[in-house]
């Protein structure tokens, strides 16, 4: 089950953070997302990246804690997409397709002329789409 | 020495049969296309999705519809930053549309070859089916005629100007597509019809379609600029 999703800008400024657990552990999720940013920075500065020169780098599992797993995805504009999930076994292909759809929703939200780049995303349509993608991701385990 | 008989040349004339002119080869006068789609297909510059298959069948130069949408969005955003008041921006968009409309009508009439409209009803159909299709790539429907036939509603289900747009709460009074009302007003004024156009429904405000109310105020007869008796 997906606990939360986050979008972080290229200066590590948070653009969007949404939790889906219902419980009041938003702060803990914030913390986890923050730690994951450090892992991303490590991976990005790692020379391993020069071998794979894809446009969108799927970073994979970043940070397994005791009950959560954090997956990351980096767009070529250095916008980071993070997903925190409580599922123990998640297929790689599922997460990749999740990130693709998430990225597409983000691109549509940013194309809004009233969105200020660098500020938080306040689009309600984006929030609805992300909730839809999250629900579609784990139809059996969610809820 | 004795020359034999000269061999007779046989002059078999192979006469080629004259090809009868086929009916299809005879030149026919090109028919003026009546429907919006046929006119649309012969236009040079068309706004459409960046689809190479469509580009090869329809025309050479297509501009990307997203570029058009983003350009319009940037323009509205800049107007809001400069003028700051929603009502002033609405009026400015209408004025810009008016300036576009008075010039666009000539291109429309030149490219579309439609005949002179007999009455206002025909004008409404031409705007909805031919004009909007040619310039925006969408068809609108005409409805809600009032009993005198002097005003109608133009309903657009799809509008390329507003892809990706979501109005923030501070700009709720903004008529984002007000440029369209200005364009129609300007174009009709150049063909001697003075109109008043208002927005009834707007998808950005939560409705299900875009509805424009076009009201004919008066027909201005064409005036001769010269005096005849001099």
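Chains as they are written, first to last, in our numbering: chain A, 1 to 143; chain B, 144 to 373.
Cβ coordinates follow ideal geometry from the N, Cα and C atoms, glycine included.
Check your understanding: Can you find a C-beta in chain B that's less than 8 Å from the C-beta of residue 122 of chain A?
Key -> yes
Review point. How many angstroms separate the CA atom of residue 355 of chain B from the CA atom of residue 307 of chain B?
Key: 21 Å
Exercise for review: Note down, one range per segment and in chain order, each alpha helix (DSSP H) of at least 4 residues found wholly within the region 292 to 335 of chain B.
Suggested key: 321 to 333
Exercise for review: Provide the residue span of the alpha helix (DSSP H) that contains residue 85 of chain A, from first to last.
Suggested key: That residue, residue 85 of chain A, is in no alpha helix (DSSP H); its beta strand (DSSP E) goes 80 to 85.
Exercise for review: State the Cα-Cα distance for the pair residue 272 of chain B and residue 257 of chain B, rounded to the nearest angstrom.
Suggested key: 12 Å
Review point. Applying the criterion that 16 or more other CB atoms from any shown protein chain within 10 Å of the CB defines a buried residue, is residue 40 of chain A buried or exposed?
Key: buried
Exercise for review: Report the residue from B:331, B:289, B:298, B:288 whose alpha carbon sits nearest the alpha carbon of residue 281 of chain B.
Suggested key: B:298
Check your understanding: Quick one: does residue 7 of chain A have its CB under 8 Å from some CB of chain B?
Key -> no
**Study point:** DSSP-derived helix/strand/coil call for residue 91 of chain A
**Key:** coil
Check your understanding: Going along the chain, which unbroken runs of the beta strand (DSSP E) with 3 or more residues stay wholly within the region 242 to 295 of chain B?
Key -> 284 to 286
Review point. What's the gap between the Cα of residue 346 of chain B and the Cα of residue 61 of chain A?
Key: 41 Å
Point to revise | Beta-bridge pairing of residue 74 of chain A - partner residues as DSSP gives them | key: A:57, A:80
Review point. How would you call residue 4 of chain A, buried or exposed, if buried means at least 16 neighbouring beta carbons within 10 angstroms?
Key: buried
Review point. Excluding the five sequence neighbours on either side, which residues of its own chain have a C-beta within less than 8 Å of the C-beta of residue 243 of chain B, listed in chain order?
Key: 322, 325, 326, 329
Review point. Smallest Cα separation from residue 363 of chain B: which of B:341, B:334, B:349, B:357?
Key: B:334
Exercise for review: On a CA-only basis, which of B:342, B:245, B:367, B:234 is nearest residue 295 of chain B? Give me that one, please.
Suggested key: B:342
Review point. According to a CB-to-CB cut-off of less than 8 Å, which residues of the region 298 to 326 of chain B neighbour chain A?
Key: 306, 307, 308, 309, 310, 311, 314
**Study point:** Three-state secondary structure (DSSP) of residue 176 of chain B
**Key:** Low confidence applies to residue 176 of chain B: its pLDDT is 42, below 50, so where it sits in the model is not reliable enough to give any reading.
Check your understanding: So which residues of chain B does residue 76 of chain A contact, with C-beta pairs closer than 7 Å?
Key -> By Cβ distance, chain B contributes nothing, its closest Cβ being about 18 Å from residue 76 of chain A, past 7 Å.
Review point. Roughly how many angstroms lie between the CA atoms of residue 37 of chain A and residue 45 of chain A, to the nearest whole one?
Key: 12 Å
Review point. Is there a Cβ from chain B that is less than 8 Å from the Cβ of residue 133 of chain A?
Key: no
Exercise for review: Would you tell me roughly how many angstroms separate the C-alpha atoms of residue 206 of chain B and residue 219 of chain B, rounded to the nearest one?
Suggested key: 20 Å
Practice item. Would you give the residue range spanned by the alpha helix (DSSP H) that residue 353 of chain B belongs to? Key: No alpha helix (DSSP H) contains residue 353 of chain B, which is instead part of the beta strand (DSSP E) from 353 to 362.
Exercise for review: With 8 Å as the threshold, decide whether the Cβ of residue 216 of chain B is near any Cβ in chain A.
Suggested key: yes
Point to revise | Nearest neighbour of residue 94 of chain A, chosen from A:109, A:71, A:113, A:79 [CA to CA] | key: A:71
**Study point:** Environment of residue 6 of chain A [buried if 16+ CB atoms lie within 10 Å]
**Key:** buried
**Study point:** CB contact below 8 Å: residue 229 of chain B versus chain A
**Key:** no
Point to revise | Residue-chain proximity (residue 36 of chain A, chain B), Cβ-Cβ < 8 Å | key: no
Review point. Counting only beta-carbon atoms, is residue 114 of chain A nearer than 8 Å to chain B?
Key: yes
Review point. Taking residue 83 of chain A as the reference, which of A:107, A:77, A:58 has the closest Cα?
Key: A:58
Check your understanding: When the cut-off is 8 Å and only beta carbons count, does residue 219 of chain B lie next to chain A?
Key -> yes
Exercise for review: Please go through the same chain and pick out, in chain order, the residues whose beta-carbon is closer than 8 Å to the beta-carbon of residue 310 of chain B, but skip the five residues on each side of it.
Suggested key: 317, 319, 347, 348
Exercise for review: Run down chain A in chain order and give the residues with a C-beta less than 9 Å from the C-beta of residue 213 of chain B.
Suggested key: 111, 113
Exercise for review: Report yes or no: is there a C-beta of chain B within less than 8 Å of the C-beta of residue 25 of chain A?
Suggested key: no
Practice item. Rounded to whole angstroms, what's the CA-CA distance from residue 42 of chain A to residue 65 of chain A? Just pull it up for me. Key: 18 Å
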